[in-house]
Amino acid sequence: VKLRVFGLPLLAAVYLAAAVAVRLGAQPPAAPRHAPSPEAAAPRVVGVAGCAAAGCHNDQRPAGSPGSEYGAWVHDPHGRAYETVQSAKYRAILDRLAGSAYAEDLCLKCHATPAPGSSPLPRELLADGVGCEGCHGPAEKWRTAHYQGWWKGLDSERKWREYGLYPTKDLARRVEQCAECHVGTADKDVNHDLIAAGHPRLAFEYTAYHHLLPRHWREPHEQTPPGPGARRDFDTFAWAVGQVVTAKAAVELLAARAGQANQPTHPWPEFAEYGCYACHHDLKLDDGHQSWRQKRGFAGTPGEWPWGTWVRSASEALAWSGPDPFADLEKRMRPPMPPPGPVRAAARQALDRLDGWLKQLRSAQPLSAAEVRDRLNAAVARGLSRDPAQWPRDWDEATQHYLSLAALYTALGDLDPSAATPQRRVLFAELRRPLAYPAGPAPRTRFDSPVDFTPEQYRQALQRFAREFAPGTAP
Amino acid sequence: MTPRTRRAWTLTAALLAAAVALPLAADGVGRGQPTPAPAGDRPEEVQKLTKVGFVHCEACHREPSQGYREQKITDFIRLDEATTWRQHDLHTKAFMALKEPLGQQMGRLLGVDVTRDVSCLACHAVNLSQELTPGSPRPGRSTGDFYWNDGVSCEACHGVAEKWLAPHFDKSWRTVPPGEKLAKYGERDMRDPASRAERCAACHAGNAAEGKFVTHAMYAAGHPPLPPLEVMTFSRDQPKHYNDPRDLPYFASLDADTAWRLFHYRKGECSPARQVAIGAAVTFREAMRTLAHAAAARSDGRMLDFAHFDCAACHHELASPSWRPTRGYATTPGRPLPFTGPTALLRAVLRYASEAAPGADAPGSPVRSLKLLAGEFDVKLAALLKAFSARPFGDPAAVAPAARDLAAWSDAVAKGLDALPYGDAQSARLLRVIAAVAQHSAGLGYDDAQQLLWAFDVLRSECPGVRAKPEVTAELQKLTGPEPDKPFVLRLRPPDPPPTPVAETLPGRLRRAAAYQPESFRQAFGRIAAALKAGE
Chain A
41 VKLRVFGLPL
51 LAAVYLAAAV
61 AVRLGAQPPA
71 APRHAPSPEA
81 AAPRVVGVAG
91 CAAAGCHNDQ
101 RPAGSPGSEY
111 GAWVHDPHGR
121 AYETVQSAKY
131 RAILDRLAGS
141 AYAEDLCLKC
151 HATPAPGSSP
161 LPRELLADGV
171 GCEGCHGPAE
181 KWRTAHYQGW
191 WKGLDSERKW
201 REYGLYPTKD
211 LARRVEQCAE
221 CHVGTADKDV
231 NHDLIAAGHP
241 RLAFEYTAYH
251 HLLPRHWREP
261 HEQTPPGPGA
271 RRDFDTFAWA
281 VGQVVTAKAA
291 VELLAARAGQ
301 ANQPTHPWPE
311 FAEYGCYACH
321 HDLKLDDGHQ
331 SWRQKRGFAG
341 TPGEWPWGTW
351 VRSASEALAW
361 SGPDPFADLE
371 KRMRPPMPPP
381 GPVRAAARQA
391 LDRLDGWLKQ
401 LRSAQPLSAA
411 EVRDRLNAAV
421 ARGLSRDPAQ
431 WPRDWDEATQ
441 HYLSLAALYT
451 ALGDLDPSAA
461 TPQRRVLFAE
471 LRRPLAYPAG
481 PAPRTRFDSP
491 VDFTPEQYRQ
501 ALQRFAREFA
511 PGTAP
Chain B
12 MTPRTRRAWT
22 LTAALLAAAV
32 ALPLAADGVG
42 RGQPTPAPAG
52 DRPEEVQKLT
62 KVGFVHCEAC
72 HREPSQGYRE
82 QKITDFIRLD
92 EATTWRQHDL
102 HTKAFMALKE
112 PLGQQMGRLL
122 GVDVTRDVSC
132 LACHAVNLSQ
142 ELTPGSPRPG
152 RSTGDFYWND
162 GVSCEACHGV
172 AEKWLAPHFD
182 KSWRTVPPGE
192 KLAKYGERDM
202 RDPASRAERC
212 AACHAGNAAE
222 GKFVTHAMYA
232 AGHPPLPPLE
242 VMTFSRDQPK
252 HYNDPRDLPY
262 FASLDADTAW
272 RLFHYRKGEC
282 SPARQVAIGA
292 AVTFREAMRT
302 LAHAAAARSD
312 GRMLDFAHFD
322 CAACHHELAS
332 PSWRPTRGYA
342 TTPGRPLPFT
352 GPTALLRAVL
362 RYASEAAPGA
372 DAPGSPVRSL
382 KLLAGEFDVK
392 LAALLKAFSA
402 RPFGDPAAVA
412 PAARDLAAWS
422 DAVAKGLDAL
432 PYGDAQSARL
442 LRVIAAVAQH
452 SAGLGYDDAQ
462 QLLWAFDVLR
472 SECPGVRAKP
482 EVTAELQKLT
492 GPEPDKPFVL
502 RLRPPDPPPT
512 PVAETLPGRL
522 RRAAAYQPES
532 FRQAFGRIAA
542 ALKAGE
């Protein structure tokens with residue numbers, strides 16, 4: 041304990057001294073002869089301690105203000121990612137996977153700061169969990185450079201290309217970075233084998249995560265005066281970008297899964313592609329003689345699976361022009377044993393169309409308060425006007441709908457503070473209620489599935505919400 | 012002619028007359044005849060049948076009249092079989108169920124007429140053309156193959172009566188060996204536990220060769236899950252329309268060899284215990300045969316129907332912490348495993364068989380071969396699990412031989428079990444072994460637990476060698492009952508008529524399965540095992 045108490049200030053003092061020394065001897069950047077790609081150069085990860093000097097990112101200042109980052113980050117769950125893989129629960133997961141093709145180094149790809157290329161992360165940095173460089177990029181090249189006077193003169197693309205500092209201020213790039221772990225990639229794949237062994241399901245929605253995180257930064261529109269690129273409709277923009285980029289990552293992952301179908305760590309079909317609760321529910325009759333699924337009816341053969349309920353459900357709410365990126369993919373994924381080749385082809389088509397959507401998004405003007413209000417009302421009305429037998433198909437779709445309303449409402453409050461009232465927040469809590477996972481079957485347990493959910497209950501809650509919140513939207 | 016044989020002849024003549032007259036008198040168009048199907052839809056061999064239907068049986072098997080009693084026919088059979096069946100037996104409603112709301116809901120969701128579809132009629136009616144040729148199973152080809160007036164009636168189990176109806180009126184029929192009755196007349200031997208279990212399992216577990224299989228689409232559309240088959244419990248709660256040979260004077264008069272050869276009865280033993288043991292092996296065998304059949308039909312790589320997988324593997328709410336992952340995984344977690352039907356009772360039976368009295372395992376003895384077979388179970392099962400976890404939904408090419416191997420293995424087990432005695436001491440020991448397996452199996456699946464519990468209870472209720480113990484009864488009462496927090500029922504349904512439709516008992520059944528916690532079941536049987544031991 042003593043060592044830790046003394047260790048940190050000591051380290052901080054060393055870095056402060058070093059920083060001052062470098063500042064005094066400020067030099068123009070030594071221009072690299074060629075711009076090496078970050079991958080080829082494989083810069084080293086330096087560790088959180090390198091950022092947490094008192095004079096740098098560990099100042100005692102209000103959360104969110106520049107210099108206070110480390111103080112906020114110590115509360116960030118990313119910092120406990122490695123602690124998780126030290127736990128008894130984690131050991132139990134490994135035990136269940138014993139004898140399978142899965143190895144422990146797979147876990148460290150997301151439960152520690154990602155080590156670029158093939159250079160292994162030094163053991164002493166594992167305890168940082170997902171440290172600063174997990175998102176900002178390995179700091180070997182930019183650590184010293186980024187507090188030089190000339191640094192601010194570089195554009196973000198150059199900082200990335202030449203120094204490996206990731207452009208997190210670009211929302212789409214930022215979400216891409218989140219999706220690496222929170223959606224997954226070919227070599228960071230939380231598939232159904234791992235979920236069955238005990239890993240939680242991945243269900244990423246950017247704005248929800250954005251607001252749950254103890255944020256160590258302020259968005260441009262939250263700064264006084266507003267920073268460059270500030271947009272008051274931030275939440276609706278971030279929600280839309282988040283949806284498209286998350287969907288892209290999910291479709292890329294699906295293409296990779298199909299590409300490696302039936303390899304030892306790539307089972308096919310991959311159950312994690314489908315709505316969990318289509319299968320994972322107790323067999324029960326909701327009204328004494330029918331389950332809600334039977335009451336609603338089935339699109340194809342009774343008992344078929346819904347593909348991509350989490351990633352494709354908001355596509356309608358995005359309401360961009362152009363063909364539905366997922367239509368063909370959804371058709372291909374419907375049979376229980378989808379053919380990997382055609383799935384990959386359909387995934388490529390979906391990715392092209394999603395790229396088109398992202399371009400449209402980037403070029404669109406920020407929305408006014410009235411426009412956000414219109415979109416919020418439209419989202420409510422769209423839900424209520426759908427055929428009750430078709431919408432919401434399942435918990436995933438209802439939850440994504442709820443999250444879209446929450447993002448639009450947050451943006452509305454930012455644009456027009458009078459629109460956001462405590463009473464309205466209560467209405468959101470009511471709307472959320474049918475989506476809750478209840479307390480578990482035994483003391484000190486909880487359900488990880490929406491045991492009591494029925495689409496009907498969400499529709500009824502949405503009707504109440506519409507009457508109170510957005511009169512006139514109910515059909 | 013002695014007065015006795017004269018009476019027999021008179022009776023036979025009277026029965027014959029009744030059998031011929033009654034169908035004609037019933038409603039003009041021959042209630043016993045299959046409902047007319049479109050011309051050309053009914054195969055010729057079915058069109059030719061004249062002695063099909065419950066009505067032929069009811070003529071004599073309605074009640075033990077004074078005359079029958081005087082003839083001492085009631086020393087041999089009860090003669091109220093038809094009445095018991097008509098008033099109490101849910102099989103009477105098998106076809107009607109298709110017309111009820113649940114059946115109609117399934118038809119809507121599946122887009123078929125469930126009252127005409129051969130895959131529904133396979134178990135909800137009698138496939139006459141198949142029953143005409145016992146031993147060569149085949150699915151129904153068209154609606155016209157089926158007879159459904161009386162639901163799943165006598166001939167579904169006993170065999171189409173066309174050829175045996177007349178000869179069986181004669182007392183000499185009692186001396187015809189069962190093998191001949193089947194081969195020459197098409198009557199099945201329901202006294203042989205293996206052959207009875209095979210018939211029950213055909214619908215209650217599945218029989219792919221006969222087209223009897225509840226697909227996942229049918230379940231998703233609303234077909235109730237099939238409760239785990241424990242043949243003796245199902246027989247008792249059907250309810251029984253027969254008496255055990257031990258309670259019938261006729262069998263006391265037989266010598267031991269005749270009783271065994273003709274009626275599969277070892278004098279003095281508790282036949283229900285024999286049925287429990289052999290039923291467990293045959294039920295498993297039939298599940299394996301069905302799986303092997305389906306897997307062989309998919310050698311082209313098409314996946315097996317979801318219904319070939321363990322329902323409970325996927326269908327459960329997710330909870331943490333939960334008992335499920337603590338059981339460990341036989342293979343890579345997350346790969347659906349086969350539906351084998353329950354195996355815990357089979358394990359108990361194997362243990363019972365291989366722990367027989369010292370010296371019983373001399374070379375050539377059934378105990379010795381059962382010991383060897385018992386030792387092979389886990390290896391053979393592991394091969395099946397491996398074939399299923401090779402990839403999600405398994406590799407049918409590897410599943411088929413593994414399932415065939417297990418089917419052959421369980422057939423050998425069933426034959427070995429048939430050679431063992433099931434006296435009072437043995438049935439008491441089987442009961443104790445069942446309790447011990449229930450006590451020592453952590454994380455038992457719901458169907459496994461329910462099947463063990465039924466076997467345990469039916470031995471208590473049917474075998475006089477098993478003494479009632481109030482502590483055991485108290486523990487069973489804590490586990491069972493209609494209350495929502497009780498995870499099991501002891502009786503498949505209340506004994507009083509009329510039988511409750513399945514749709515009405517379904518919500519309770521599903522609720523009980525969801526509320527099941529294996530640890531409390533295990534602990535209850537720990538106390539039961541202790542109580543049984545205390546009295547030894």
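Chains A and B are the protein sequences, given in the same order. If you read the first sequence in the numbering used here, its first letter stands for residue 41, the second for the next number, and so on. If you read the second sequence in the numbering used here, its first letter stands for residue 12, the second for the next number, and so on. No residue lacks a Cβ here, since even glycine has one placed at the ideal position from N, Cα and C.
Report yes if the C-beta distance between residue 244 of chain B and residue 469 of chain B is below 8 Å; otherwise report no. Result yes, Cβ atoms of residue 244 of chain B and residue 469 of chain B sit closer than 8 Å.
| Do we get a CB-CB distance below 8 Å when we pair residue 328 of chain B with the residues of chain A? | yes
message: Quick check on the DSSP output: the alpha helix (DSSP H) that includes residue 417 of chain A runs from which residue to which?
response: 409–425
- Any idea if residue 271 of chain B is buried or exposed, counting beta-carbon neighbours within 10 angstroms, 16 or more meaning buried? Residue environment: residue 271 of chain B is assigned as exposed (fewer than 16 neighbouring CB atoms within 10 Å of its CB, all protein chains considered).
- Tell me, please, whether the region 319–329 of chain A touches the region 505–519 of chain B by the rule of three or more beta-carbon pairs shorter than 8 Å. yes
> Around the Cβ of residue 381 of chain B, are there at least 16 other Cβ atoms within 10 angstroms (buried) or fewer (exposed)?
Replying inline: buried
Open item on the list: Residues in the same chain with beta-carbon distance under 6 Å from residue 7 of chain A, minus the five sequence neighbours each way, listed in chain order, please.
Closed with: Because chain A spans 41 through 515 in this model, residue 7 of chain A falls outside it and cannot be assessed.
- request: For residue 331 of chain B, go through chain A and note every residue whose CB falls closer than 7 Å to its CB, in chain order.
  value: 485, 486, 488
Check your understanding: Can you find at least 3 beta carbon pairs, one from the region 269–286 of chain A and one from the region 210–223 of chain A, that sit closer than 8 Å?
Key -> yes
Residue 210 of chain A to residue 480 of chain A span [Cα, whole Å] = 41 Å
Where does the unbroken alpha helix (DSSP H) through residue 391 of chain B begin, and where does it stop?
377–400
Starting from residue 482 of chain B, trace the alpha helix (DSSP H) both ways and give me its first and last residue. Element bounds for residue 482 of chain B: 481–490.
List the whole-angstrom C-beta distance separating residue 111 of chain B from residue 216 of chain B, where the pair is believed to meet the contact cut-off of C-beta under 8 Å. With 8 Å as the limit, residue 111 of chain B and residue 216 of chain B do not qualify as a contact, their Cβ atoms being about 24 Å apart.
Next on the checklist: Spatial neighbours of residue 442 of chain B within its chain, please: C-beta separation below 6 Å, excluding the five flanking residues on both sides.
Outcome noted: The answer, listed in chain order, is 470, 477.
To the nearest angstrom, how far is it from the Cα of residue 246 of chain B to the Cα of residue 520 of chain B? 19 Å
task: Can you give me the Cβ contacts of residue 472 of chain B inside the same chain, cut-off strictly under 8 Å, excluding the 5 residues immediately before and after it?
output: 247
Three or more C-beta pairs below 8 Å linking the region 140–149 of chain B and the region 165–181 of chain B: As far as the Cβ criterion goes, the region 140–149 of chain B touches the region 165–181 of chain B, which means the pair count is three or higher.
In whole angstroms, give me the CA-to-CA distance for residue 93 of chain B and residue 71 of chain B. 8 Å
Under 8 Å between C-beta atoms, does residue 116 of chain B make it to chain A?
It does; some Cβ of chain A falls within 8 Å.
For this session: For residue 148 of chain B, collect the residues of the same chain with a Cβ closer than 6 Å to its Cβ; drop the 5 residues on either side in sequence, then sort them by chain order.
Result: 220, 221
**Prompt:** Within 8 Å (strictly less), CB to CB, does residue 49 of chain B reach chain A?
**Reply:** Note that residue 49 of chain B scores a pLDDT of 49, beneath 50, so its modelled location is shaky and nothing firm can be said.
message: Which residue marks the beginning of the alpha helix (DSSP H) containing residue 277 of chain A, and which one marks its end?
response: 274–299
Does DSSP put residue 534 of chain A in a helix, in a strand, or in coil?
With chain A covering 41 to 515 only, the question about residue 534 of chain A has no answer from this structure.
Report task. Using a cut-off of 9 Å between C-beta atoms, extract the partners of residue 474 of chain B located in chain A. Result -> Close to residue 474 of chain B, with beta-carbon spacing below 9 Å, lies no residue of chain A; the smallest spacing is near 34 Å.
Worksheet item: Hey, residue 67 of chain B and residue 162 of chain B are a contact pair by Cβ (cut 8 Å); roughly how many whole angstroms apart?
Response: Their Cβ separation, rounded to whole angstroms, is 15 Å, which puts residue 67 of chain B and residue 162 of chain B out of contact at 8 Å.
Check whether the region 416–424 of chain B touches the region 288–306 of chain B, taking contact to mean three or more Cβ pairs, one atom from each stretch, closer than 8 Å. Flag = yes, the region 416–424 of chain B and the region 288–306 of chain B touch.
**Asked** Between B/121, B/293, B/81, which lies nearest to residue 427 of chain B when the distance is taken from Cα to Cα?
**Response** Just measuring C-alpha positions, the residue of B/121, B/293, B/81 sitting nearest residue 427 of chain B is B/293.
Notebook entry, point to check: Is DSSP giving residue 85 of chain A helix, strand or coil here?
Noted result: coil
Residue 264 of chain A to residue 421 of chain A span [Cα, whole Å]
36 Å
Could you compute how far the alpha carbon of residue 381 of chain A sits from the alpha carbon of residue 166 of chain A? 39 Å
Rounded to a whole number of angstroms, what is the C-alpha to C-alpha distance between residue 502 of chain A and residue 319 of chain A?
-> 26 Å
Using a Cβ-Cβ distance cut-off of 8 Å, determine whether residue 440 of chain A contacts chain B.
no
CB contact check: residue 136 of chain A to chain B, cutoff 8 Å | yes
query = Using a C-beta cutoff of 8 Å, does residue 299 of chain A count as contacting chain B?
reply = no
Looking only at C-alpha atoms, which of A/338, A/181, A/431, A/248 sits nearest to residue 449 of chain A? A/248
Exercise. Using the rule of at least 16 other Cβ atoms within 10 Å of the residue's Cβ for burial, across every protein chain shown, is residue 138 of chain B buried or exposed?
Worked result: buried
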